[in-house]
Structures are given as C-alpha cells and as structure tokens.
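Okay, so here's the structure we're looking at.
In the numbering used here, the protein residues as written are 5 to 631.
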C-alpha cells in the first residue's frame, strides 16, 4: 500500500489514467489498443483484490468508481474506432481480446453484486454510468453482410446472458430508470463549419462530447443545436433519448442524444451508434436479388396472402429486403401472425388519421383506404413512403446494430398484426373448412340414403339430426367467441367476464354436440357397405372446426394480457405515440423488442421475457430473468 493511499485508490487512479488515455485519441493502432486492454484487465484485477481486502463502505465507493472508469475506458466502441481502418487482424485479434475483457468485467459485476454487502448501495449513484457504459461497449469487430469489417453489436449468447445477469443485479432485480424515446424526425439543416457550443451555452444547453470522435464533434454539436431549436430538449424529462441519423463530414452517422439535467438547463450526451447501414438480410433472401423472387420468398416464408402494390407506388427489391431484415429480428411466435395477411406498399400517408402522419397502417376488415385498387382481402399492413425514406433522419437500435427510423415502423406494424390480425385469418380458415366439408357431408348423406338398408335407416336419421344440431351449436360457439374477442380487444374486464361465461356455455354445448355426432358417425359406418365407411373420417373434418374458436381467443387475448401484465410489473409507455392507446403501446413495445431488445430488457426485463416466452397468461407467470 502506498503511504496514505489505499490499494483501492491506487487501482482507481490507474484506471482514471487509462480513461484519460482512451479519451485523448492516443490509441491509434491495433497494438496500442491490445496493450490498453491488457492493462485494463490487470487494473480490474487489482481493483477487485483491493476491494476484497477493504470490504467496507469507503472501499465500496472507490471500487464502484473503478468500475465506472473501467467501462468508460473501453477502446472498442463505435466512437473509439470511428476513424480506424479495420482489417481481418482486428477481427481475429482485437475483437476476441475485447470480448474476453468485457466478459471478465461483467463477471466481476455479477460476482460482487450477487453477494450481500456495501457494494449495492454504493452502486446506486453510479448505476446510470455503468449501464450506459455496458450499452456503449456491448460491441465487437466483425464482418457484416456486405463483407465490410466494422463495429457490430455483440450477439454471442454467452455474453448476452452475462450482460443480462449484470444488468439484472445492477437494477436490484427491479425495473430500469424511466425511458422516453423521441421519434420525431429532426428538421433538415445545412452542415456548417462553425462551432455552436457557445450558442448552446447561451440556451443553457451543455454537450458532453466524451463519446464523440473529434472529427465529428462540430457536426454533432450542430445536430444538438438543431434538436434544441425544436424545443424538445428544453421540454425533455427524465430518460429522454432522441435516436437520429445526422450529417457529418463525408456522410451520415447514427447517434442517440441522451438528455439529462444540467446546471443550469440541460446536458446532452451524444452516443455514437454507428455508420449508416441496413440490417442484414436473412439467409432465405440472400442471393435473391430480383423483385419477384423476393416477393415469392417472403410470401412463402411467412405464408402471406400477398405483397400488393398500389397503382401510385410499388414495392422495390430493396424495400422487400428491409422488410425481411426487420422481420428476421423477431421470434417465430410473432411472425407466425403474418399468415394470411397482405403487405401493401402504399404511397404518401395523409395527416387525417389522428392528426399524425403515419409510416404504416394495419386493418382487419374493409377500410376506405383500400379503394381504387384491386388488393387482396384483409388483413392488410400498409407501409407508406416515409417508412422507406432514404433521407430519414431518425434511427433505432443499439450501438453496432442501428437501423433507420423507418425500420422501427416496419416492426411497429408487425406489432399490430400480432395483436389482432390472426382473428381474421382464423375466420377465413373456419369458413374455408365449412365450405370444404359441405359437399363431402352432402355426398355422405346421399350415399347413406341410397346404400343403407331400410332396417338400418334410423342410424342415418340420427346422424343427420345430430349434424344439424352440431352445425347450430358450432355457430353459437363462434358467435360467442367473436363477442369475447371484441371484449378482449377493448381490454374491458367487465365485458370479458360476461363474455367468458357465455362462451363457456356455448363451448360446452358444442362439445356435447360433437361427442354425440362422433358416436352417431361410428354407428353410421357400421351400417354402410365396407367400401363406403367414411362417416367417421368426414365427420371428423366437420368436428375439427371446434378448435378454431379457442385458438382465435388465445391469439386475440395477447393485447389484453399485455395490458394486464404491463400494469402488474409497472411498465408504462416510453414514446408519446404509445400513450395514445393500448394497441399503440403494444406495437411500440414489440418494435422496441425487435429493434433494441437489450434496451427493453434494461427498461423492464419482465416484459422483455414475457415477449420472448410467447405472451403467456399473466396469472401466475413468473419469468426467469435469464431464460
């Protein structure tokens, strides 16, 4: 121990020096970054050992500050590598070195926070900085779909699990801090050379450029100035984040502006997400460049009814690639809802719907929006020009994996498809089943009347009578299911309770009618000639429709279950649009889940796990945070 200075303080001072070194721009080569990482790992070990020997409140405070300094000294971030020319050696050497160091750091957090002691209360004032550092640093160096070597988000399941475990403990197993994602496009402006830091200071807005590369600092400050000119920053509350695509010398880069309280006014911390790049194509679309080929591949993969064009606007191969890339980020239990839906490429949206210009619109039944073109029957998910705007200045997603603002729209409309479109598809399934059964039943009855002996005719009469009763009972069950689905979609607990009671009665009546008809079919086969004994098989096809109402109810109740579970775990809307209705809250949540899943986990890990688990009923649901 140094005279008058604890071992913990020595370790902290060394890490602060490493942080200063990382921010100075001195790390310009791969070997320098590798050496920096090796030093960081040694310093982390020293900090852990020092805390182990002084396990008190003062030692905990110093140790937490060391953890903050360590993660912020990371030499592998979008900002730190913005000016680097990366090559295969970085993929093979720097990337695994950083991943090993990051895993070690997360392991220290898990080990130290997983035991009772003074560390947890010491972390609380610094938690935001550690979480921000983890988000910023959860990247690696890889080769993207375009064969470009660049900074990419970490996707190794082992590291994702370690990250979640650390976040879970940092949040003391509870919810994250408030989040408000501002999705409004930033008005266009010209990129100039002047430094607007002073002008922002006059507005009581400070800009923290600690995680902005020097070559982009003036451009980022100008973006903050443009953002503040909208009034949004002055009005920003806790947790305000504005994801943007901003002009910089030489092109565009994705950033998010994190706004907090300043002294006085506001303080903005721009976080670099990465260069502008599309999300990678899924394997089934790789090597399928043509428009029709991509339409066929999408339609086949998701069992879509169609990919329709309007006369004024048609799909392009590139747009279909973006749709496929967005949907590839979702689990099968979400994209399964696309079965039977049509994706419609629409033109310019009007401001007529709720006074808002939308990037998409999803509907189940007839809508005047469809007038003027020959489109497939609903359900429809319409996508407007704004969803594919090449000049979109919004963004979404985490560091190393950020897409455009329009990509969030693609996922948002999928959220609507998940919440209510299967109902229409299942109705079509039922109607198709009924139509396919009718001629078979008629033929069976005609053959029975012709072939069954007179003495055995009562079996035919009984089967016919019970068939009529089953048709009636099934119709009543379906009507009750429709009423229940209406109540579920409205999230009206009183109506739901009443509708459930009615439905259970109709369901039981249909089940009884089914059992009786099934028995009658067995008896009918006994009196038919051996070559014509298909009453049980044909009747079974008729009876199979009884399962469809339950499936429809189960899929329709997703929205209601979401609303109930969100209330139970204190999950509230994180965008202005999410406040407009339960449907929009669900769609916004599913879009965040698809675009930036670990942000949702940090915001409310229970809701993230609920979506991963496939929308289970909230009663008795107790998710495992690590899956």
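Cβ atoms here follow ideal geometry from the backbone N, Cα and C, with glycine treated the same way. All of these numbers come straight from a predicted model, not from anything done at the bench.
Using only alpha-carbon positions, find the residue among the options that is nearest to residue i.
i, options, result
"residue 473", "214, 484, 279, 519", "519"
"residue 483", "504, 463, 323", "504"
"residue 75", "268, 394, 131", "131"
"residue 47", "288, 153, 105, 458", "105"
"residue 593", "211, 412, 407", "412"
"residue 403", "554, 352, 138", "138"
"residue 465", "531, 401, 290", "531"
"residue 319", "306, 302, 335", "302"
"residue 445", "416, 538, 486", "538"
"residue 317", "392, 332, 96", "392"
"residue 634", "436, 366, 435, 390", "The requested residue 634 does not occur in the structure, where the chain is confined to residues 5 to 631."
"residue 208", "237, 178, 214", "237"
"residue 120", "176, 108, 462", "176"
"residue 463", "495, 528, 479, 431", "528"
"residue 173", "134, 255, 596", "134"
"residue 377", "351, 396, 398", "351"
"residue 573", "624, 118, 65", "624"
"residue 115", "419, 170, 94, 15", "170"
"residue 278", "161, 87, 615, 631", "87"
"residue 9", "43, 94, 58, 24", "58"
Helix or strand or just coil, what does DSSP make of residue i?
i, result
"residue 583", "helix"
"residue 278", "strand"
"residue 349", "strand"
"residue 631", "coil"
"residue 493", "helix"
"residue 80", "coil"
"residue 362", "coil"
"residue 142", "coil"
"residue 150", "coil"
"residue 613", "helix"
"residue 507", "helix"
"residue 644", "Outside the shown range of the chain (5 to 631) lies residue 644, about which nothing can therefore be said."
"residue 4", "For residue 4 there is no data in the structure shown, the boundaries of the chain being 5 and 631."
"residue 27", "helix"
"residue 66", "helix"
"residue 157", "strand"
"residue 385", "strand"
"residue 188", "coil"
"residue 573", "coil"
"residue 40", "helix"
"residue 5", "With a pLDDT of only 46 at residue 5, under the threshold of 50, the placement of this residue in the model should not be trusted; the figure read from the coordinates follows. Correct three-state label for residue 5: coil."
"residue 561", "coil"
Are the beta-carbon atoms belonging to residue i and residue j less than 8 Å from one another?
i, j, result
"residue 524", "residue 470", "yes"
"residue 566", "residue 607", "no"
"residue 12", "residue 51", "yes"
"residue 61", "residue 100", "no"
"residue 149", "residue 293", "no"
"residue 155", "residue 70", "no"
"residue 182", "residue 242", "yes"
"residue 258", "residue 406", "yes"
"residue 347", "residue 327", "yes"
"residue 349", "residue 313", "yes"
"residue 223", "residue 266", "no"
"residue 562", "residue 458", "no"
"residue 332", "residue 364", "no"
"residue 244", "residue 263", "yes"
"residue 556", "residue 501", "no"
"residue 434", "residue 489", "no"
"residue 246", "residue 186", "yes"
"residue 117", "residue 124", "yes"
"residue 110", "residue 145", "no"
Pop quiz: residue i and residue j are said to be a contact at Cβ under 8 Å. What is the actual Cβ separation, rounded to whole angstroms?
i, j, result
"residue 168", "residue 629", "7 Å"
"residue 31", "residue 79", "5 Å"
"residue 261", "residue 272", "5 Å"
"residue 84", "residue 22", "Not confirmed; about 13 Å, so no contact."
"residue 611", "residue 570", "6 Å"
"residue 511", "residue 438", "That belief does not hold up - the Cβ atoms of residue 511 and residue 438 are roughly 18 Å apart, past 8 Å."
"residue 558", "residue 432", "Not confirmed; about 17 Å, so no contact."
"residue 419", "residue 281", "The pair is not a contact, with the Cβ atoms about 24 Å apart (cut-off 8 Å)."
"residue 34", "residue 108", "Going by Cβ atoms, the distance from residue 34 to residue 108 rounds to 20 Å, so no, they are not a contact pair."
"residue 586", "residue 441", "Going by Cβ atoms, the distance from residue 586 to residue 441 rounds to 37 Å, so no, they are not a contact pair."
Taking only beta-carbon positions, decide if residue i is within less than 8 Å of chain D.
i, result
"residue 502", "The chain inventory of the structure shown lacks chain D, comprising one protein chain alone."
Problem set entry | Start-end ranges of the beta strand (DSSP E) lying completely within the stretch 231-279, minimum 3 residues | 244-252, 255-265, 270-279
For this session: Write down every uninterrupted run of the alpha helix (DSSP H) in the stretch 293-340 whose length is 4 residues or greater and which is fully enclosed by it, in chain order.
Result: 295-306, 321-331, 336-339
Exercise. Which parts of the stretch 421-497 are runs of the alpha helix (DSSP H), unbroken and 4 residues or longer, counting only runs that do not cross its ends?
Worked result: 461-494
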